[in-house]
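Structure, as structure tokens:
There are 2 protein chains.
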Amino acid sequence: MNALQPIGRIRTPFATIDECPRNVRALDPAPACAVEVFEPYRDGLHSLESFSHVILLYWLDRAEPPQMVFTPPFDAEPRGVFATRTPHRPNPIGLAVAALDGIEGGILRVRYLDCIDGTALLDIKPYLPSVDAVPDASMGWLRS
Amino acid sequence: MNALQPIGRIRTPFATIDECPRNVRALDPAPACAVEVFEPYRDGLHSLESFSHVILLYWLDRAEPPQMVFTPPFDAEPRGVFATRTPHRPNPIGLAVAALDGIEGGILRVRYLDCIDGTALLDIKPYLPSVDAVPDASMGWLRS
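First to last, the sequence lines map onto chains C and H. So the first sequence is numbered by this note's numbering: it starts at 897 and just counts up by one. So the second sequence is numbered by this note's numbering: it starts at 897 and just counts up by one.
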């Protein structure tokens, strides 16, 4: 398994973990965020601007060693790490579906990121509703 | 950036890259796939069974060095790598939204994986339609 390499940097208004919002979609207006793609990778953005949403993968460098079972905030029951979206995971790769508002000079303007400013970008994938959108998926214990 | 560690193994009926389907959702019946989670990580599956779908991240170990711009199969135009879901990416992390049919003995029964048998598993995240589902997202050049 090869090493990961940062391909860019995520810019958000959240300077510390404590400032990162729990539910960024509840904020109005949505905080403006940006994704800076490093120069060697910028040609890879060609024709991405016609997608309305992207999936971003990033490295959660502040993650702590994971606990396999823990009681999440605002929950009364212990849950397995893979039944939560905690950053403290065996492989701390963060994922966000972001709205893409524009691309200019290797910088994507996006909404709905809740990670810390300066987070290392690993990948950008176009969001494909035919395979990525399951609006009627059941949310398990989060609904219980 | 820490090294990645495999936390399990994905089992599919596809022994070679050529056998991997282009559109796995078009297959009827859906090929039965499985996700074997290695023993040290199995407790992390607690309470995952109540979710109907999961997001799987995995390592595309057959990926070739990426081209920033290339003409995808069945396309006439060159596209940027980040506007495609090709496995040949700067950080070859694969992503799939899979239907979760059951969990037993550290093994998840799932549908809708199109990766090669034996692929290294990196992460399992619960699928949350409130943040992951954008059914009306526009698919950019794929619709054009």
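C-beta: ideal position from N, C-alpha, C; glycine also.
Residue span of the beta strand (DSSP E) that contains residue i, given as start and end
{"i": "Asp997(H)", "result": "Ile989 to Glu1000"}
{"i": "Val933(H)", "result": "Cys929 to Val933"}
{"i": "Pro1022(H)", "result": "Thr1015 to Pro1022"}
{"i": "His949(C)", "result": "His949 to Trp955"}
{"i": "Arg905(H)", "result": "Gly904 to Arg907"}
First through last residue of the alpha helix (DSSP H) which encompasses residue i
{"i": "Val1027(H)", "result": "Pro1025 to Asp1028"}
Paired residues, beta bridge with residue i - DSSP
{"i": "Arg921(H)", "result": "Answer is none; Arg921(H) lacks a bridge partner."}
{"i": "Arg1005(C)", "result": "Ala930(C) and Gly998(C)"}
{"i": "Val977(C)", "result": "Looking at the DSSP assignment, Val977(C) forms no beta bridge with any residue, so it has no partner."}
{"i": "Phe966(C)", "result": "Arg975(C)"}
Would you call the region 934-948 of chain C in contact with the region 897-910 of chain H, where contact means no fewer than 3 C-beta pairs closer than 8 Å? Two segments are said to touch when three or more pairs of C-beta atoms, one from each, lie closer than 8 Å; by this definition the region 934-948 of chain C does not touch the region 897-910 of chain H.
Can you list, in chain order, the residues of the region 987-1010 of chain C whose Cβ is nearer than 7 Å to any Cβ on chain H? Asn987, Ile989, Leu991 and Val993
Contact set between the region 955-979 of chain H and chain C, restricted to residues whose Cβ is under 8 Å from the partner: For the region 955-979 of chain H, residues whose beta-carbon sits nearer than 8 Å to a beta-carbon of chain C comprise Trp955, Asp957, Pro962, Met964, Val965, Glu973, Pro974, Arg975, Gly976, Val977, Phe978 and Ala979.
Using Cβ-Cβ distances below 8 Å, what residues of the region 1011-1033 of chain C are close to chain H? Ala1016, Leu1018, Asp1019, Ile1020, Lys1021, Pro1022, Tyr1023, Leu1024, Pro1025, Ser1026, Val1027, Asp1028, Ala1029, Val1030, Pro1031, Asp1032 and Ala1033
Is it a yes or a no for the region 994-1014 of chain C touching the region 1004-1023 of chain H, going by three-plus beta-carbon pairs under 8 Å? no
Residues of the region 932-953 of chain H with a CB closer than 7 Å to any CB of chain C: list them in chain order, please. Tyr937, Asp939, Gly940, Leu941, His942, Ser943, Leu944, Ser946, Phe947, Ser948, His949, Ile951 and Leu953
Tell me whether the region 952-966 of chain C and the region 907-924 of chain H touch, counting them as touching only if at least three CB pairs, one residue from each stretch, are closer than 8 Å. no
Taking contact to mean at least 3 C-beta pairs separated by less than 8 Å, is the region 1013-1024 of chain H in contact with the region 966-985 of chain H? At 8 Å Cβ cutoff, the stretches do not touch.
Short-range partners of chain C found in the region 899-911 of chain H, where Cβ spacing is below 8 Å: Ala899, Leu900, Gln901, Pro902 and Ile903
When you check each C-beta in the region 917-932 of chain H against every C-beta of chain C, which residues fall closer than 8 Å? Cβ contacts with chain C come from Arg921.
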